[in-house]
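Peer 1:
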Amino acid sequence: MNNLIILPIVIPLLMGIILVFFNRNIKIQKWLSAIASLASVIVAGIIVQTVHTNGIQTLEIGNWVPPYGIVLVADMYASLLVLTTAIIGFTSLLFAFSSTTAEREKFYFYPGVQFLLLGVTGAFLTGDIFNLFVFFEVMLMSSYMLIVLGSSKNQLRESIKYILVNVISSALFVIAVAYLYALTGTLNMADLSVRIAEMGQSGLLTVIAILFLVIFGLKGAIFPLYFWLPGSYQAPPAVVTALFGALLTKVGVYSITRVFTLIFYHEPTFTHEILAWLSALTIIFGVIGAIAYWDIKKIVIYNIITAVGVILFGVAANTPNAIEGSVYYLVHDMIIKGALFFLVGAIVAITGTSNLRKFSGLIASHPLLGWMFFIAALALAGIPPLSGFVGKLKIVQGGFEAGEYTIAFVVLLSSLLVLYSVMKIFIHGFWGEPNKEAIAQTSPKGLLFPIAILLALSIAYGFGVEFLSPYISQAADTLLDPSIYIQAVLKE
Amino acid sequence: MEILMSVVVGILFSAAVYLMLSKSLLRIIIGTGLLSHGAHLLILTMGGLKKGAAPLLGEHAEVYVDPLPQALILTAIVISFGVTSFFLVLAYRSYQELGTDDMDQLRGNDQYE
Chain W
1 MNNLIILPIV
11 IPLLMGIILV
21 FFNRNIKIQK
31 WLSAIASLAS
41 VIVAGIIVQT
51 VHTNGIQTLE
61 IGNWVPPYGI
71 VLVADMYASL
81 LVLTTAIIGF
91 TSLLFAFSST
101 TAEREKFYFY
111 PGVQFLLLGV
121 TGAFLTGDIF
131 NLFVFFEVML
141 MSSYMLIVLG
151 SSKNQLRESI
161 KYILVNVISS
171 ALFVIAVAYL
181 YALTGTLNMA
191 DLSVRIAEMG
201 QSGLLTVIAI
211 LFLVIFGLKG
221 AIFPLYFWLP
231 GSYQAPPAVV
241 TALFGALLTK
251 VGVYSITRVF
261 TLIFYHEPTF
271 THEILAWLSA
281 LTIIFGVIGA
291 IAYWDIKKIV
301 IYNIITAVGV
311 ILFGVAANTP
321 NAIEGSVYYL
331 VHDMIIKGAL
341 FFLVGAIVAI
351 TGTSNLRKFS
361 GLIASHPLLG
371 WMFFIAALAL
381 AGIPPLSGFV
391 GKLKIVQGGF
401 EAGEYTIAFV
411 VLLSSLLVLY
421 SVMKIFIHGF
431 WGEPNKEAIA
441 QTSPKGLLFP
451 IAILLALSIA
461 YGFGVEFLSP
471 YISQAADTLL
481 DPSIYIQAVL
491 KE
Chain P
1 MEILMSVVVG
11 ILFSAAVYLM
21 LSKSLLRIII
31 GTGLLSHGAH
41 LLILTMGGLK
51 KGAAPLLGEH
61 AEVYVDPLPQ
71 ALILTAIVIS
81 FGVTSFFLVL
91 AYRSYQELGT
101 DDMDQLRGND
111 QYE
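Top line first, the protein sequences correspond to chains W and P. Going letter by letter, the first sequence gives residues 1 to 492 in our numbering. Going letter by letter, the second sequence gives residues 1 to 113 in our numbering.
(1) Please report the straight-line C-alpha distance between G185/W and I47/W, rounded to a whole angstrom.
(2) List the residues of chain W whose Cβ lies closer than 8 angstroms to the Cβ of P69/P, in chain order.
(3) Determine the DSSP secondary structure at Q201/W, reduced to helix, strand or coil.
(4) The alpha helix (DSSP H) spanning T58/W covers which residue range?
(5) Taking DSSP as the reference, what is the three-state secondary structure of N321/W?
(6) Taking three-plus beta-carbon pairs below 8 angstroms as touching, is the stretch 235 to 250 of chain W in contact with the stretch 381 to 391 of chain W?
(7) State the Cα-Cα distance for the pair A44/W and P8/W, rounded to the nearest angstrom.
(8) Check this for me: beta carbons of P444/W and A292/W, under 9 angstroms apart or not?
(9) In its own chain, which residues sit with a C-beta less than 6 angstroms from the C-beta of A86/W, not counting the 5 before and 5 after it?
(10) Hey, could you find the ends of the beta strand (DSSP E) A74/W is sitting in?
(11) Can you pull the chain C residues whose beta carbon is under 7 angstroms from the beta carbon of S142/W, in chain order?
(12) If contact is defined by three or more beta carbon pairs under 8 angstroms, each pair taking one atom from either stretch, is the stretch 124 to 144 of chain W in contact with the stretch 73 to 81 of chain W?
(13) Can you tell me whether DSSP reads A54/P as helix, strand or coil?
(14) By DSSP's criteria, Y162/W is part of a beta bridge. Which residues make up the other side?
(15) Are there 16 or more other CB atoms within 10 angstroms of the CB of F21/W, so buried, or fewer, so exposed?
(16) Please return the same chain residues whose Cβ sits closer than 7 angstroms to the Cβ of G69/W, not counting the five positions on each side in sequence.
(17) Quick one: complete alpha helix (DSSP H) runs, 4+ long, within the stretch 319 to 394 of chain W?
(18) Taking the alpha helix (DSSP H) that E466/W belongs to, which residues open and close that run?
(19) What does DSSP give as the partner residues of N188/W in its beta bridges?
(20) Checking contacts by CB at 9 angstroms: is M145/W closer than that to chain P?
(21) Closest Cβ-Cβ distance between E466/W and chain P: below 9 angstroms?
(22) For the alpha helix (DSSP H) containing G31/P, list its first residue and its last residue.
(23) Tell me whether the beta-carbon of W294/W lies closer than 9 angstroms to the beta-carbon of L340/W.
(24) Should W500/W go down as buried or exposed, given a rule of 16 or more other Cβ atoms within 10 Å for buried?
(25) Along the chain, where does the alpha helix (DSSP H) that runs through L98/P open and close?
(26) Can you tell me which of I11/P, L21/P, L12/P, V8/P puts its alpha carbon nearest to the alpha carbon of V165/W?
(27) Exposed or buried, G121/P, counting other C-beta atoms within 10 Å across all chains shown (16 or more means buried)?
(28) Comparing C-alpha positions only, which one of L243/W, V418/W, S202/W, L211/W sits nearest to I296/W?
(29) Roughly how many angstroms lie between the CA atoms of V494/W and N303/W, to the nearest whole one?
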């Protein structure tokens, strides 16, 4: 019992409600939401430390013992993601302060962001499968509102598709929960795991496992189900895309990891093999998209898809190294995708276009922005001192240990093409003759600060691997051995 | 009884899929309505349809029907109600702004403004 772990859910909830009353007073909205998200960062940091010293923290809501009530569970994996989410939320708010128009801010932009953070954090912390569905809906409804806010023609058109896809996947989620309830008679994840271990993972349960893969794959954009993402993510303003790119798909990835390490881990030759090949195809199609486009938003959007594939390959390989690598890579990817979308937003704010053929020579007038983009590009590709390296190294190592040589080579090759795709932006956009009419001379100072925070974190993450590794291996231990999680929740 | 309900739910799902694959946006929204009806009926069916009293302790019955699926359905209904009303307003707004409800004319992944 620990009331601490409900705070990352309660803080954005209360603040979202309070902010609704101040929709005309932008100044108060900015101050309150900045304070709330800073508080979330601090609380999430305390939770990570508590979980590190005292083991998994659980909170039985209303004193109902699991499996009868809803239980919130903060293991190291969830609390690391909650901390990363809080940091992304804070920097996104800083970015929004200087990039969002007053009309958007008056129409409940900041409450929308708080409710989005509430949904994401809740999805990470819950220990109940139907409660996970509810937090998904909280997150999705805020994202519907944020994607269409401003209602340009492009946004209206793309949000129709986004909402339709998510309505269908939500219905599928309800259906999957119904099937699972019919077979097991419980909704608590730890209890589900125990019961499935007792009755053995029959063919029916494997079918449900694949149904869950389809549902979370629709949220997390894996290979045959990523078709909605490129269009939807380029419609809203940069700060919203950064929130979506850093958080929403990662919730799908988190859910796949949780479900396939905690509940459906008994038939790895079938389910994990499918997951491995789907993640390989996800990587391949992601890099094809990333190198095909000359639109900087599209390039970064397709890089989200590639990263999802890499993380899920780590989960599918299911060796200690691979799981640890995928935890490293997931946290790194949330930070660096936030930074990249902010950078793209800053570039678009300067040049007024996202078409790479229309501007060049940015480095002459905006050197700081240029070198920050360079660092972000190297970190994304996984160049050793930066944050993307250790994760990919461990994933590839785990892939070799699991005997998945082909897919491990796909991961390695993908790094090269990812590097090519972002270096293309750097070479064509920042080098060359300065294109005077395309480049505004105003320097977007407020936009650079949140990018600098995220990049500093990414560099510190890369250099501080020694310091981080006890946390990460604790997260990986829980994922590898479901009994730790089950004992913490059910207290047998 | 469960078999009959399963067949009915299957018919609802196939009608929903058929409608969602059509061109008109309103037909698609009707499809999502049918899809959520199907999903809700499926929870009820999968919870078991054995005979028993309504889940009220005042009934003083020997057996009650399972109360959990009913709570799940109630939650799922209000959620899908909220999403559907948002979706309908979005469809109305985009009809005003874009002047069409034909999904073929709402293409344009590759245009950027």
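Cβ coordinates follow ideal geometry from the N, Cα and C atoms, glycine included.
Peer 2: Based on what the coordinates show:
(1) Translated into the one-based positions of the first sequence, residue 185/W becomes position 185. Translated into the one-based positions of the first sequence, residue 47/W becomes position 47. Rounded to whole angstroms, G185/W to I47/W spans 32 angstroms at the Cα level.
(2) Counting from one through the second sequence, the residue named residue 69/P turns up at place 69. A178, Y181, listed in chain order.
(3) On the first sequence, position 201 is the one that residue 201/W refers to. In this structure, Q201/W counts as coil in the three-state DSSP scheme.
(4) Here the question's residue 58/W lines up with position 58 in the first sequence. Run containing T58/W: none in the alpha helix (DSSP H); it sits in the beta strand (DSSP E), 57 to 60.
(5) Position 321 of the first sequence, counted from the start, is the residue given in the question as residue 321/W. Residue state, collapsed to three classes: helix.
(6) no
(7) The residue labelled residue 44/W in the question sits at position 44 within the first sequence. The residue labelled residue 8/W in the question sits at position 8 within the first sequence. Their Cα atoms are separated by approximately 7 angstroms.
(8) For the purposes of this step, residue 444/W is taken as the residue at position 444 of the first sequence. For the purposes of this step, residue 292/W is taken as the residue at position 292 of the first sequence. No, these two residues do not count as a Cβ contact at 9 angstroms.
(9) Locating residue 86/W in the first sequence gives position 86, where the first residue counts as 1. Here the set comprises S40, V41, A44.
(10) The sequence position of residue 74/W within the first sequence is 74, counting from 1. Here the beta strand (DSSP E) through A74/W covers 71 to 74.
(11) Considering every chain present, this structure includes no chain C. Its protein chains are W and P.
(12) yes
(13) If you number the second sequence from 1, residue 54/P lands on position 54. Residue state, collapsed to three classes: coil.
(14) Against the first sequence, residue 162/W aligns to sequence position 162. According to DSSP, Y162/W bridges with nothing at all.
(15) If you number the first sequence from 1, residue 21/W lands on position 21. It is exposed - the Cβ of F21/W has fewer than 16 other Cβ atoms within 10 Å.
(16) Within the first sequence, numbered from 1, the residue matching residue 69/W stands at position 69. Answer for G69/W: E60, I61, G62, listed in chain order.
(17) 320 to 351, 362 to 365, 367 to 381
(18) For the purposes of this step, residue 466/W is identified with residue 466 of the first sequence, where counting begins at 1. 465 to 480 is the extent of the alpha helix (DSSP H) around E466/W.
(19) Working through the first sequence from its first residue, we reach residue 188/W at position 188. Paired residues: D128/W.
(20) Along the first sequence, read from residue 1 onward, the residue named residue 145/W stands at position 145. By this cut-off, M145/W is an interface position.
(21) Numbered from its first residue, the first sequence carries residue 466/W at position 466. Output row for E466/W: interface = no.
(22) Along the second sequence, one-based indexing puts residue 31/P at 31. Start and end: 25 to 46.
(23) The count along the first sequence starts at 1 and reaches residue 294/W at position 294. The count along the first sequence starts at 1 and reaches residue 340/W at position 340. Their beta carbons are not under 9 angstroms apart, which means W294/W does not touch L340/W by this criterion.
(24) In the structure as shown, chain W begins at 1 and stops at 492. Residue 500/W is therefore absent and cannot be evaluated.
(25) On the second sequence, residue 98/P is found 98 positions in, with the first residue counted as 1. Unbroken alpha helix (DSSP H) run through L98/P: 67 to 98.
(26) Counting from 1 along the first sequence, the entry for residue 165/W is found at position 165. Ranking I11/P, L21/P, L12/P, V8/P by Cα distance to V165/W puts L21/P first.
(27) Lying before the first or after the last residue shown, residue 121/P is absent from chain P, which here runs from 1 to 113.
(28) Taking the first residue of the first sequence as 1, we reach residue 296/W at position 296. Closest by alpha carbon: V418/W.
(29) Any question about residue 494/W goes unanswered here, given that chain W covers just 1 to 492.
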